[in-house]
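Participant: Once you've had a glance at the structure underneath, I'll fire off some questions.
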Amino acid sequence: MTLTDGELTVNANGNACGERCGRDPKRNKETRSRSHIIMLVMELMTHSSSFLLPSTPTDSRPSLTYALVVLNQRLPRFAPLLWQHAKLRLCADGGANRVYDELPQLFPHEDPSDIRRRYKPDLIKGDMDSIRKEVMDFYASLGTKVVDESHDQDTTDLHKCVAYIRDCTPNLEKSNLRILVAGALGGRFDHEAGNINVLYRFSDIRIILLSDDCHIQLLPKTHRHDIYIQSSVEGPHCGLIPIGMPSGSTSTTGLEWDLDNTETRFGGLVSTSNIVKGEKVTVRSDSDLLWTISIKNQ
Numbered sequence: 076m077t078l079t080d081g082e083l084t085v086n087a088n089g090n091a092c093g094e095r096c097g098r099d100p101k102r103n104k105e106t107r108s109r110s111h112i113i114m115l116v117m118e119l120m121t122h123s124s125s126f127l128l129p130s131t132p133t134d135s136r137p138s139l140t141y142a143l144v145v146l147n148q149r150l151p152r153f154a155p156l157l158w159q160h161a162k163l164r165l166c167a168d169g170g171a172n173r174v175y176d177e178l179p180q181l182f183p184h185e186d187p188s189d190i191r192r193r194y195k196p197d198l199i200k201g202d203m204d205s206i207r208k209e210v211m212d213f214y215a216s217l218g219t220k221v222v223d224e225s226h227d228q229d230t231t232d233l234h235k236c237v238a239y240i241r242d243c244t245p246n247l248e249k250s251n252l253r254i255l256v257a258g259a260l261g262g263r264f265d266h267e268a269g270n271i272n273v274l275y276r277f278s279d280i281r282i283i284l285l286s287d288d289c290h291i292q293l294l295p296k297t298h299r300h301d302i303y304i305q306s307s308v309e310g311p312h313c314g315l316i317p318i319g320m321p322s323g324s325t326s327t328t329g330l331e332w333d334l335d336n337t338e339t340r341f342g343g344l345v346s347t348s349n350i351v352k353g354e355k356v357t358v359r360s361d362s363d364l365l366w367t368i369s370i371k372n373q
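Going by the numbering used here, 256 is the number at position 181 of the sequence shown; the sequence numbering is gapless.
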């Protein structure tokens, strides 16, 4: 099915491409009506930050499988909680230094050596230009697998870890997998940009980049999105960022300043410093967007 009115095209896959033309009110009304057709055609993707809660819901269907990747930036204060939820824990190169050095600091009344043995990664992977030798030897002695990929300088350490998780879970439905990335934000901007690029390189896998202050995930244009807000731990500040290409048409509900078939792009309007108003936000767009929301300091 293809519908065209000069401003919006909906193809058989439910993808939409916006073409700006006149500001005729009748034409704008027709565009809005066609956006409802897009919403019906697009498959729904749901999102929830339940990984920030002390216990994840047990009645969710289907159940989710979490994997954790620790990067070489300061660990968020809730890193032990992410570790608890994860079934697979990886350190990307120097991320192992962070686990070794910083996790014991989150348990000041316990013996650091006990903490280091309790929080043992399953795998350390990367080009091994950052991990300290004594850290690598310590975890290797506990049975952690160490994979040196220094021969590959074309992909980031996060990319290498995500590819490993993808390849070692071939029987797991990708929609049920969540990869949590601790230490993904902060520090050098080129590192942050590389981490965001991984979201696009693995757009069929649900990856969440985390810092102490916020988290980021990709909202693919192939779906409409329902985002369930965990108001006890996140919000209210949020944003929708069109990185890679402009969005000709984005619509939302549940925000203080909702978008209504709005064009967003760098050099124009970008929805930053927005506010979530309730327990659910909906998003649909003709372009991939980054969703980001603040994490409460508790």
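Every residue gets a Cβ at the ideal spot worked out from N, C-alpha and C, and that includes glycine.
Computed from a predicted structure; not experimentally measured.
Once the 5 residues before and after C166 are set aside, which same chain residues still bring their CB inside 7 angstroms of it?
Facilitator: Taking the sequence shown and counting its residues from 1, one reaches residue 166 at position 91. Hits under 7 angstroms: V145, V174, P196 and I199.
Participant: Can you tell me where the beta strand (DSSP E) holding I304 begins and where it ends?
Facilitator: Sequence index remark: in the sequence shown, residue 304 carries index 229 (1-based). Segment: none, I304 is in no beta strand (DSSP E) and carries neither H nor E.
Participant: Going by other Cβ atoms of all chains shown within 10 Å of its Cβ, with 16 needed for buried, is K220 buried or exposed?
Facilitator: Position 145 of the sequence shown, counting from 1, holds the residue named residue 220. With fewer than 16 Cβ atoms within 10 Å of its Cβ, K220 is classed as exposed.
Participant: Would you mind stating whether V351 and I304 have Cβ atoms separated by less than 9 angstroms?
Facilitator: Locating residue 351 in the sequence shown gives position 276, where the first residue counts as 1. Locating residue 304 in the sequence shown gives position 229, where the first residue counts as 1. Yes. Within cutoff.
Participant: Using CA coordinates, which residue listed in E224, S369 and A257 is at the minimum distance from A154?
Facilitator: As a working mapping, residue 154 is identified with position 79 in the sequence shown. Looking at the Cα atoms, A257 is the closest of the given residues.
Participant: Confirm, please, whether the CB-CB distance from V356 to L330 is below 9 angstroms.
Facilitator: The residue you call residue 330 lines up with position 255 of the sequence shown. The residue you call residue 356 lines up with position 281 of the sequence shown. In contact: L330 and V356 (Cβ atoms closer than 9 angstroms).
Participant: Looking at the strands, I want to know which residues DSSP matches up with H184.
Facilitator: Your numbering for residue 184 matches position 109 in the sequence shown. Looking at the DSSP assignment, H184 forms no beta bridge with any residue, so it has no partner.
Participant: Which residues share a DSSP beta bridge with K355?
Facilitator: For this step, residue 355 is matched to residue 280 along the sequence shown. Answer is Y303.
Participant: Please classify M211: does DSSP put it in a helix, a strand, or coil?
Facilitator: Against the sequence shown, residue 211 aligns to sequence position 136. M211 falls in the helix class under three-state DSSP.
Participant: Quick one: any contact between the segment 233 to 248 and the segment 124 to 131, if contact means 3 or more CB pairs under 8 angstroms?
Facilitator: No: the two stretches stay apart, fewer than three of their Cβ pairs being nearer than 8 angstroms.
Participant: Taking C-beta to C-beta, are I283 and L365 nearer than 9 angstroms?
Facilitator: Counting from one through the sequence shown, the residue named residue 283 turns up at place 208. Counting from one through the sequence shown, the residue named residue 365 turns up at place 290. No. Outside cutoff.
Participant: Below 9 angstroms between beta carbons: does that hold for N172 and S205?
Facilitator: Locating residue 172 in the sequence shown gives position 97, where the first residue counts as 1. Locating residue 205 in the sequence shown gives position 130, where the first residue counts as 1. Contact: yes.
Participant: Classify Y194 as helix, strand or coil using the three-state DSSP reduction.
Facilitator: Position 119 of the sequence shown holds residue 194. Looking at Y194 - three-state DSSP - the assignment turns out to be coil, as it is neither helix nor strand.
Participant: Shortest alpha-carbon distance to E118 belongs to which of K208, S360 and G353?
Facilitator: Against the sequence shown, residue 118 aligns to sequence position 43. Ranking K208, S360 and G353 by Cα distance to E118 puts S360 first.
Participant: Would you call W332 buried or exposed, if buried means 16 or more other Cβ atoms sit within 10 Å of its Cβ?
Facilitator: Taking the sequence shown and counting its residues from 1, the one referred to as residue 332 is at position 257. When all chains shown are included, W332 counts as exposed.
Participant: Can you tell me the Cβ-Cβ gap for S348 and L315, rounded? I've got them flagged as a contact below 8 angstroms.
Facilitator: Position 273 of the sequence shown holds residue 348. Position 240 of the sequence shown holds residue 315. About 11 angstroms; that fails the 8 angstroms criterion.
Participant: For S369, which residues in the same chain have their Cβ closer than 8 angstroms to its Cβ, ignoring the five residues on either side in sequence?
Facilitator: Mapped onto the sequence shown, residue 369 falls at position 294. If we look at S369 and ignore the five residues flanking it on each side, its Cβ neighbours are D288, C289, E309, G310, P311, H312 and C313.
Participant: Can you tell me the Cβ-Cβ gap for G218 and D168, rounded? I've got them flagged as a contact below 8 angstroms.
Facilitator: Counting from 1 along the sequence shown, the entry for residue 218 is found at position 143. Counting from 1 along the sequence shown, the entry for residue 168 is found at position 93. Not a contact, Cβ separation roughly 19 angstroms.
Participant: With R152 and L181 assumed to form a contact (beta carbons below 8 angstroms), what rounded beta-carbon distance in angstroms separates them?
Facilitator: Within the sequence shown, residue 152 is the residue found at index 77, counting from 1. Within the sequence shown, residue 181 is the residue found at index 106, counting from 1. Yes, R152 and L181 are in contact; Cβ-Cβ is about 7 angstroms, under 8 angstroms.
Participant: In this structure, how does DSSP classify K223 when only helix, strand and coil are distinguished?
Facilitator: Here residue 223 corresponds to residue number 148 of the sequence shown, with the count starting at 1. Note that residue 223 corresponds to Asp in the displayed sequence, not to Lys. Residue state, collapsed to three classes: strand.
Participant: Let me know the secondary structure DSSP gives E118 once reduced to three states.
Facilitator: In the sequence shown, the residue the question calls residue 118 occupies position 43. Correct three-state label for E118: strand.
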